[in-house]
Amino acid sequence: MESGAQPTTTTATSMLTMGLLKYGSFVLRSAAFVFSVNSFVIMASIKGFDIFHEFSYILAACVLSTAYTLFQNLRHINYLSTGNLLFEARTSSLVDFFGDQIIAYLLISSASGAAPSISTVNASEDYALENHVTSTKGATSTNMAFLAFLSLNLSAMLSSYKLSTKTTPKLI
Numbered sequence: 001m002e003s004g005a006q007p008t009t010t011t012a013t014s015m016l017t018m019g020l021l022k023y024g025s026f027v028l029r030s031a032a033f034v035f036s037v038n039s040f041v042i043m044a045s046i047k048g049f050d051i052f053h054e055f056s057y058i059l060a061a062c063v064l065s066t067a068y069t070l071f072q073n074l075r076h077i078n079y080l081s082t083g084n085l086l087f088e089a090r091t092s093s094l095v096d097f098f099g100d101q102i103i104a105y106l107l108i109s110s111a112s113g114a115a116p117s118i119s120t121v122n123a124s125e126d127y128a129l130e131n132h133v134t135s136t137k138g139a140t141s142t143n144m145a146f147l148a149f150l151s152l153n154l155s156a157m158l159s160s161y162k163l164s165t166k167t168t169p170k171l172i
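For the sequence shown, position 105 matches number 105 in full-length UniProt numbering, and the numbering has no gaps at all.
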């Protein structure tokens with residue numbers, strides 16, 4: 001093996017890791033933002049969604065997720081464009097980690113809470129010989145909340161990696 005081969009591979013891997021750390025959370029939070037917005041818009045379009053508390057819970061969780069991911073994405077865009085952090089680097093990493101964890105938990109608990117209600121709504125629509133608009137919209141909204149959870153969960157993994165390494169001051 002040549003003496004120059006090892007540093008080149010390490011450098012390429014290091015550059016890939018740095019790029020993933022720099023842009024990965026931004027991409028994942030952007031995906032979570034899109035899924036959260038879709039979920040709460042779909043849930044809000046259901047007539048009488050507030051009859052089921054689970055549907056109200058999923059709406060509230062998605063509104064909180066939308067606000068959180070919007071704030072985080074704006075903060076990241078500010079950092080990429082100006083190079084200035086809004087908070088100290090360690091504080092930013094802690095906010096990223098705990099925020100991702102809390103919002104991801106809200107999303108998965110609301111999605112798992114709404115799932116049984118969807119089958120109840122579906123059964124009542126069958127009994128009343130109605131079309132399945134409400135149950136279909138509820139299922140779609142729940143699926144979008146679950147996808148937002150997956151995105152934020154992966155972002156939380158990146159945030160935990162940033163906290164565990166010494167690269168925290170250089171990256172958001």
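Cβ atoms here follow ideal geometry from the backbone N, Cα and C, with glycine treated the same way.
Candidates the options: closest to residue i by CA position
i, options, result
"S119", "I108, H132, S109 and L107", "H132"
"F71", "I58, R90 and F26", "F26"
"A44", "S159, I108, T134 and S164", "T134"
"A67", "F35, S92, T165 and G19", "F35"
"L80", "M18, Y23, T165 and G138", "Y23"
"S65", "Y127, A139 and Y105", "Y105"
"T140", "S30, G19 and N38", "N38"
"A115", "A128, E130 and G138", "G138"
"I77", "A123, S30 and G113", "S30"
Own chain, CB closer than 6 Å to residue i, minus 5 neighbours either side, in chain order
i, result
"V41", "none"
"T136", "none"
CA-to-CA distance, residue j to residue i, given in whole angstroms
i, j, result
"C62", "D50", "15 Å"
"K47", "A89", "45 Å"
"I103", "L21", "20 Å"
"residue 174", "L152", "In this structure the chain extends from 1 to 172, so residue 174 is not present and cannot be described."
"V121", "A60", "20 Å"
"Q6", "S117", "Because the pLDDT at Q6 is just 49, under 50, the model does not fix this residue reliably, and the point stays unresolved."
"T69", "S160", "17 Å"
"I108", "Q101", "11 Å"
"R75", "S92", "10 Å"
"A128", "G113", "24 Å"
"A123", "T165", "51 Å"
Close beta carbons around residue i, own chain, < 7 Å, minus the five adjacent residues each side
i, result
"L154", "L28"
"A111", "I58, T142, A145, F146 and F149"
"F97", "A156, S159, S160 and L163"
"F33", "T66, T69, L70 and N73"
"L171", "For L171, the pLDDT reaches just 49, beneath the cut-off of 50, and the residue's location in the model is therefore unreliable, leaving the point undetermined."
Residue i CB to nearest heavy atom of the ligand SAM below 7 Å
i, result
"V37", "The ligand SAM is not part of this structure, which contains no ligands at all."
In chain order, each alpha helix (DSSP H) run of at least 4 residues that lies wholly inside the UniProt domain "Casparian strip membrane protein" (23 to 150): 53 to 82 and 89 to 127
Cβ contact (3+ pairs, closer than 8 Å) linking the region 40 to 60 and the region 83 to 100: no
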